[in-house]
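Report on the structure given below.
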Amino acid sequence: MRVSLLQMNVGLAREAENTATLLRLAEDAMRNKSEHPDVLVLPELWTTGFYPRPIKAHADPSGARARRVLAALSSRFGVNVVGGSVARLEGGKAYNTCYIADRSGAIIASYDKCHLFTPSGEDHDFTAGDRLVTFALDGVSCAVAICYDLRFPALFSALARAGAEVLFLPAAWPKVRLPHWRVLLRARAIENQIFVCACNAASKDRTLGGHSVLLDPWGESLGEAAGTEAIVTADLPLARRRSVKEKLDIFDDWREALYQKPPVSCTPLRKES
Numbered sequence: 005m006r007v008s009l010l011q012m013n014v015g016l017a018r019e020a021e022n023t024a025t026l027l028r029l030a031e032d033a034m035r036n037k038s039e040h041p042d043v044l045v046l047p048e049l050w051t052t053g054f055y056p057r058p059i060k061a062h063a064d065p066s067g068a069r070a071r072r073v074l075a076a077l078s079s080r081f082g083v084n085v086v087g088g089s090v091a092r093l094e095g096g097k098a099y100n101t102c103y104i105a106d107r108s109g110a111i112i113a114s115y116d117k118c119h120l121f122t123p124s125g126e127d128h129d130f131t132a133g134d135r136l137v138t139f140a141l142d143g144v145s146c147a148v149a150i151c152y153d154l155r156f157p158a159l160f161s162a163l164a165r166a167g168a169e170v171l172f173l174p175a176a177w178p179k180v181r182l183p184h185w186r187v188l189l190r191a192r193a194i195e196n197q198i199f200v201c202a203c204n205a206a207s208k209d210r211t212l213g214g215h216s217v218l219l220d221p222w223g224e225s226l227g228e229a230a231g232t233e234a235i236v237t238a239d240l241p242l243a244r245r246r247s248v249k250e251k252l253d254i255f256d257d258w259r260e261a262l263y264q265k266p267p268v269s270c271t272p273l274r275k276e277s
């Protein structure tokens, strides 16, 4: 599976400009027919940026505009698209939603960001999702999480235990927290023995961190961008994951029932006289 991460410069409240940027980068990624990617990945909130207020004034009703763009893009090039995320307006509420399009242009899955970034007030402006999703791209079991979800390892272990081999992570991660970005991504790849394809946004004012990266199940980089707008492409050697799990499959030793038990609070032992 060949994956291209489209590390876009995303402008705040500039949907038309951002859409034009997406189409330009997608055309660049698909230009060499002999090296076409199988999957294009977009960053978080690529239509609006993270994020203009009030977000409901900028949100996409039912995600219709974004779905049209993604469906047209995937069918035009015959490529799978992990559509980053967009602000979706539904029933008077805003959701941070990722759409997945297959090669035919069909929207085959959607995911609403489950962990909203409370320090920025995202939890006041958006409604959190309440379900995890997996889906197949070209017969490969995949999953998606969004940005701040990265800090919650239980989400990733649940997806890996459900059979996900490749995890896509659209993000709008700030430059100031890039050290966390690097460590957390490697940890999620290693501890779950999965490929992680993380597409971060960039910005002209350099507040967003870029450094989109593709990691193998050992946490080794298959390709990484710098901090500016870029396309990073790499082949995911899927057989490598099988090799890793033949040597050491941590889920063979997983003890879910134990983890659900409350820890025992120990008291100091009385000194022997």
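For the sequence shown, my numbering gives the first residue as 5, with consecutive numbering after it.
All C-beta atoms, glycine included, are put in the ideal place defined by N, C-alpha and C.
Keep in mind it's a predicted model, so treat the numbers as computed, not measured.
Delimiting residues of the beta strand (DSSP E) encompassing residue i
i    : result
T101 : 97 to 105
V85  : 84 to 86
Q11  : 6 to 11
I235 : 234 to 239
L141 : 138 to 141
A147 : 144 to 148
For residue i: DSSP bridge partner residues
i    : result
N22  : In DSSP, N22 forms no bridge with anything.
L173 : A202
L46  : For L46, which the question treats as bridged, DSSP gives no partner whatsoever.
G227 : L218
L212 : P178
P157 : Per DSSP, none; premise fails for P157.
D64  : R92
Reduced DSSP category for residue i - H, G, I as helix; E, B as strand; rest coil
i    : result
R92  : strand
P56  : coil
I254 : helix
I112 : strand
C118 : coil
D134 : coil
P183 : helix
P123 : helix
V268 : coil
K275 : coil
N36  : coil
V248 : helix
A243 : helix
L16  : coil
Alpha helix (DSSP H) segment containing residue i, residue limits
i    : result
A166 : First-last for A166: undefined, no H or E at that position.
V73  : 68 to 81
Q264 : 260 to 264
D127 : 126 to 129
Inter-residue CB distance, residue i and residue j (contact presumed, cutoff 8 Å)
i    : j    : result
E233 : A206 : 5 Å
P41  : R72  : Not confirmed; about 22 Å, so no contact.
A98  : K60  : 5 Å
L154 : L188 : 5 Å
K208 : N13  : 6 Å
R92  : D64  : 6 Å
Y50  : L77  : The residue asked about is misnamed: residue 50 is Trp in this sequence, not Tyr. 12 Å between Cβ atoms; not a contact.
E4   : A176 : Outside the displayed range of the chain (5 to 277) lies residue 4, so it cannot be described from this structure.
A149 : F139 : Between F139 and A149 the Cβ distance is about 13 Å, and since that is not below 8 Å, they are no contact.
V83  : L44  : 6 Å
G214 : A230 : 6 Å
P174 : L46  : 6 Å
V170 : F199 : 5 Å
A132 : C118 : 6 Å
Residue i: CB within 6 Å of a non-hydrogen atom of the ligand GTP
i    : result
L189 : The ligand GTP is absent from the structure shown, which contains no ligand whatsoever.
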